[in-house]
Amino acid sequence: MAVRREKDGAPGYALTTLESLIAWGRKYSLYPFTFATACCGIEVMGAFGTHYDMSRFGAEVVRFSPRQADVLLVAGTINYKMAPVLKRIYDQMLEPKWVISMGACASSGGFYNNYTVLQGIDKIVPVDVYIPGCPPNPEGIIDAVVQIQKIIETGAPRAAERWPIK
Amino acid sequence: MSIVLDRVRERFPADVVATHSDFGDDTALVLRERVVEILTFLRDDPELLFDFAMDLTGVDYLGEEPRFEVVYHLYSLEKKRRVRIKVRLHEDDPVIDTAVTVWPGIDWYEREAWDMYGIVFRGHPNLKRILMYEAFEGHPLRKDYPKAKRQPTIGPEE
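In order, the protein sequence lines correspond to chains A and B.
With the first sequence counted from 1, adding 73 to any position gets you the numbering used here.
With the second sequence counted from 1, adding 764 to any position gets you the numbering used here.
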C-alpha cells in the first residue's frame, strides 16, 4: 500500500489493491473469542485489561458468540469431555478464522499426560499461533495477536488451509 | 474407646468386622450386606445423628482380596463428631447398596466411584458416568488401568 501526501496541504492519494485494503481492515479489527478453561484465562483478563490494553492492537472487542468472532483464543487445559465443545465452537465461527493455542496445556497437554486431557488442541482444530508458557504472560498474548496480524497482512496461508496435517 | 464406635458395635455386633481410632479418627470396617442399615442407624440414632455425608470414595487395593473398598466420611452437625465407615468388596462382585436413600446428597459421590473404580451402587437412581464422557471405556483410577492408554477423541455427533 502506497500513500502519498502533498506538502502544500492539497489532498493526497493512496494506491492499493482491494486485497491489501481488506487485510488492513481485518488486521485491526480482530474480534477474539476467549475459550478460557484454566489459569491462562486469568492472564487473558490481564491482557485485555487497562494495564496491557489489547485495544492498542484493535483486538479488544471480546465476543462471547463464536458467530461474531474472528480469533479463537484457547486458554487452558482441554480435556476429552470438553474437546467436542471446542470443536463445535470452532465450527460455528465464520470464515476467515484464526486459532491461538495459549499455554502448555492447550498446545501439548502440558504436564497432564493422562487419560483425561487432550494432548494438544491441534488434534481437533487447526492452530495458527502457539504461545509457550505456563501460563504465558500478557505480552505473550499480545505477541500472538501481532503474529496473527502479520499472517493477515502478508496473506500467508492459515492453518485451516493446510488442515488436516498429513 | 469412642462413643460412636461403641454404639455401632453394640447395635451391629455381627456386622462390624474391625474398628480403630488411630489419631482420634474413628473408623469401622463393616460388612456390605447391612451397610445401609448401619448408615441409617448412624443418621437416626439420637446419640449419633450423622446427618452430613461429607464424602464417599473408592479405593483399589490391587493384589489384595477383597480388592475394592468404599469409604464413607460422615459428620454430625449436631454432635460435632466424625466417623469413617469402610466396606470391602470383591473384584468379581463390586456391588454395594446405594446410600442415596439415606442421604440424597451422596448421589454424585456414588456416580464418581462408579466412574473411576467401576463400583456398582445397586438401587442408585441415575448411575452413569459423571467425570468421564459416556463413550469412555474402562475405569481409569483402577490400578490396572494402563497409564499410557489413550482413547479415541469423540466429536460432536460424529
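Think of the CB as a built atom: it goes at the ideal place given N, C-alpha and C, for glycine as much as any other residue.
In this text, all values refer to a predicted model and were calculated from it rather than measured experimentally.
Practice item. Establish whether the CB of residue 197/A and some CB of chain B are separated by less than 8 Å. Key: Taking Cβ atoms only, chain B reaches closer than 8 Å to residue 197/A, which makes this a yes.
Hey, could you find the ends of the alpha helix (DSSP H) residue 93/A is sitting in? It spans 91-100 - the alpha helix (DSSP H) in which residue 93/A sits, taken as one unbroken run.
When burial is assigned at 16 or more other CB atoms within 10 Å of the CB, is residue 117/A buried or exposed?
With 16 or more Cβ atoms within 10 Å of its Cβ, residue 117/A is classed as buried.
Would you check if there are 3 or more beta carbon pairs closer than 8 Å linking the stretch 100-114 of chain A to the stretch 131-138 of chain A? Contact between the stretch 100-114 of chain A and the stretch 131-138 of chain A is present, because at least three Cβ pairs lie under 8 Å.
Q) Are the stretch 162-172 of chain A and the stretch 112-132 of chain A touching, with three or more C-beta to C-beta distances below 8 Å? A) With the cut-off at 8 Å, the stretch 162-172 of chain A and the stretch 112-132 of chain A do not touch.
Are any of the Cβ atoms in chain B nearer than 8 Å to that of residue 156/A? Closer than 8 Å to some Cβ of chain B, the Cβ of residue 156/A qualifies, so yes.
Considering only residues of the stretch 864-899 of chain B, which uninterrupted alpha helix (DSSP H) runs meet the minimum length of 4 residues and lie entirely inside it, listed in chain order?
Every alpha helix (DSSP H) stretch that sits fully inside the stretch 864-899 of chain B and reaches 4 residues is listed by chain position as 871-881.
(request) Give me the Cβ distance between residue 811/B and residue 771/B, rounded to the nearest whole Å; I'm assuming they're in contact under 8 Å. (result) Taking a contact as a CB-CB distance under 8 Å, the pair residue 811/B and residue 771/B counts as one, their CB atoms being some 6 Å apart.
Using three-state DSSP, classify residue 157/A as helix, strand or coil. If DSSP states are grouped into helix, strand and coil, residue 157/A belongs with the helices.
* Asked: Between residue 235/A and residue 875/B, what straight-line distance do the alpha-carbon atoms span, to the nearest angstrom?
  -> Cα to Cα, residue 235/A sits roughly 42 Å from residue 875/B.
Cutting at 7 Å between CB atoms, please list the residues of its own chain near residue 211/A, excluding the five before and the five after it.
Excluding residues within five positions, the ones whose Cβ falls inside 7 Å are 116, 119, 120, 125.
Item to complete: Below 8 Å between beta carbons is the criterion; list the residues of the stretch 888-919 of chain B that meet it against any residue of chain A, in chain order.
Response: Correct list: 895, 896, 897, 900, 904, 909, 911, 913, 914, 915, 917, 918, 919.
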